[in-house]
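Engineer:
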Amino acid sequence: MKKKLNVAVIGATGMVGKELLAILHEQKFPIDTLSLFASKNSQGKKVPFGDIELAVDELNPSSFDKIDIAFFATSSETAKEYCAIASKKGILCIDKSSAHREDLSIPLIAWYANDEELNEVPACRIIAVPNCVAIPLTQVLKPLQQEYGLRKIIISTYQAVSGAGQTAVDTLQQQVRDLFNMREPKLGVFDQRIAFNAICSIPNKGDFDINGNSEEEAKVINETRRILKEPDLPMAATCVRVPIFNGHSMSCLIELQNDFELEAAKRVLANSDGLVVIDNPQRGIFPTPLDACGENKTLVGRIRKAPGMKNTLLLWACSDNLRTGAALNAVRIAEFLCDKL
Ligand SMILES: NC(=O)c1ccc[n+]([C@@H]2O[C@H](COP(=O)([O-])OP(=O)(O)OC[C@H]3O[C@@H](n4cnc5c(N)ncnc54)[C@H](OP(=O)(O)O)[C@@H]3O)[C@@H](O)[C@H]2O)c1
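Letter by letter, the sequence shown follows residues 632 to 972 of this note's numbering.
(1) Taking only heavy atoms of ligand 1 into account, decide whether any of them is closer than 8 Å to the Cβ of I825.
(2) Would you give the residue range spanned by the beta strand (DSSP E) that P767 belongs to?
(3) Does ligand 1 have even one heavy atom less than 8 Å from the beta-carbon of I973?
(4) Pull up the distance between the alpha-carbon of Q913 and that of K936, whole angstroms please.
(5) Distance, Cα to Cα, C870 vs A829?
(6) Could you confirm whether any beta carbon from chain C is found closer than 9 Å to the beta carbon of K634?
(7) Less than 8 Å between the CB atoms is what I'm expecting for I833 and R872, so what's the real figure, rounded?
(8) For ligand 1, is there a heavy atom less than 8 Å away from the beta-carbon of S666?
(9) Quick one: is the Cβ of A653 within less than 8 Å of any heavy atom of ligand 1?
(10) With distances taken Cα to Cα, identify the nearest neighbour of I700 among P661, L884, A957, V647.
(11) For the segment 667 to 685 against the segment 641 to 657, are there 3 or more C-beta pairs whose distance is under 8 Å?
(12) So is the beta-carbon of G645 under 8 Å away from any non-hydrogen atom of ligand 1?
(13) What does T709 pair with, by DSSP beta-bridge criteria?
(14) Taking the continuous alpha helix (DSSP H) assigned at A961, which residues delimit it?
(15) Let me check one thing: in DSSP terms, what residues is E684 bridge-paired to?
(16) Pick helix, strand or coil for I716, following the three-state DSSP scheme.
(17) Can you tell me whether DSSP reads H656 as helix, strand or coil?
(18) Compute the minimum distance between the beta carbon of S707 and the heavy atoms of ligand 1, and state whether it is under 8 Å.
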């Protein structure tokens, strides 16, 4: 029997926080006490945990007394400040934000891609969870890397608004309502209208680096290279926000080092624990982001050779960004380490 732990979820009222609670309940995570925290605005608010509702407290530096493990599902700024406080108290912090992903002294773990790096609770007491595109992408690339080697990756993403948090979901809902009622929609958290539109900048109001990559594109590239231990892997990403409520998709062009038989490559993907191959396009069978919602695995289809391009595979992948791309990965890390705390 697993040791029962005192668990805290920071950001319990948010999109990832609520999914985390659902998964902790669903997986029967060994919980002794469960403490929920969010901002001052949520003090006293109730959030569901299975059949019951639990009250949320405002996060403050003394929130971590008697906690063994803390899941962070907040902005990077809040995670940075409070992971420092909690980890100094010996609490294992599993951080869904991007605050610690570039720090090479902190493990960055994507399940089914580099979980073999995780043996013990790290001395720093913090583990970073990768970006919601980097997780499914590395799950797709890892088996291909092992079998054929990787030479070059080009992806375009189609990312749901839930990836930008609760206020982005609220914005899309409100804009759709306004448009159907012949009212001029307000922009909300986006600079351009998201309803019936597509925005090729994530975040919408973010910075671009010297290569012209958005913050999301830079994260996907850097994290993928780090997880796959290929720091110089040639890679390009175009990340696009689309008016879908949940479920990220991506189109991937994958140049391999070695030649491959298409059916053998499909088998390599199908035999990988993190993936489900759904691929019979002639009969209208391929993954959609809707299919991926609520699924624990990344769905892959439209697998084909790129005509005229040597050793190059094309495919389409869909995953639940809140679950596979965020909360489930965090819970898997915790499940693996809970007996070692
Ligand atoms: N959404 C995704 O698909 C996804 C995927 C991967 C990673 N992530 C990352 O996960 C993190 C959370 O994302 P999300 O989508 O869940 O965002 P969200 O829906 O906006 O939720 C943010 C959470 O942070 C809380 N919060 C805000 N200020 C706080 C403070 N000062 N102290 C304590 N809690 C505070 C909010 O509480 P209130 O309700 O009280 O404001 C809310 O619970 C972000 O870093 C995001 O980049 C998200």
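In this text, a Cβ means the ideal position worked out from N, Cα and C, and glycines have one as well.
Quick caveat, the model's predicted, so the values are computed rather than measured.
Structural biologist: In short:
(1) Sequence index remark: in the sequence shown, residue 825 carries index 194 (1-based). Flag unset: Cβ of I825 not near ligand 1.
(2) Locating residue 767 in the sequence shown gives position 136, counting from the first residue. Taken as a continuous stretch (DSSP letters only), P767 belongs to no beta strand (DSSP E), being part of the alpha helix (DSSP H) at 765 to 779.
(3) With the chain represented from 632 up to 972, any question about residue 973 goes unanswered, as that position is not in the structure.
(4) Taking the sequence shown and counting its residues from 1, one reaches residue 913 at position 282. Taking the sequence shown and counting its residues from 1, one reaches residue 936 at position 305. The straight-line gap from Cα to Cα measures roughly 16 Å.
(5) In the sequence shown, residue 870 corresponds to position 239, counting from 1. In the sequence shown, residue 829 corresponds to position 198, counting from 1. So the two alpha carbons sit approximately 10 Å from each other.
(6) The chain inventory of the structure shown lacks chain C, comprising one protein chain alone.
(7) Counting from one through the sequence shown, the residue named residue 833 turns up at place 202. Counting from one through the sequence shown, the residue named residue 872 turns up at place 241. Yes, they are in contact, since the Cβ atoms of I833 and R872 sit about 5 Å apart, within 8 Å.
(8) By 1-based counting over the sequence shown, the position of residue 666 is 35. Incorrect: S666 has no Cβ contact closer than 8 Å to ligand 1.
(9) As a working note, residue 653 is residue 22 in the sequence shown. Incorrect: A653 has no Cβ contact closer than 8 Å to ligand 1.
(10) Against the sequence shown, residue 700 aligns to sequence position 69. Per the Cα distances, P661.
(11) yes
(12) Stepping through the sequence shown from its first residue, residue 645 is reached at position 14. Because some heavy atom of ligand 1 lies under 8 Å away, the Cβ of G645 counts as near it: yes.
(13) Position 78 of the sequence shown, counted from the start, is the residue given in the question as residue 709. Answer is none; T709 lacks a bridge partner.
(14) Your numbering for residue 961 matches position 330 in the sequence shown. Looking at the DSSP string, the run of the alpha helix (DSSP H) that includes A961 is 959 to 968.
(15) The residue labelled residue 684 in the question sits at position 53 within the sequence shown. E684 pairs with P679.
(16) Here residue 716 refers to the residue found at position 85 when the sequence shown is read from its first residue. Helix at I716.
(17) Walking along the sequence shown from the start, residue 656 turns up at place 25. H656 falls in the helix class under three-state DSSP.
(18) Position 76 of the sequence shown holds residue 707. Because some heavy atom of ligand 1 lies under 8 Å away, the Cβ of S707 counts as near it: yes.
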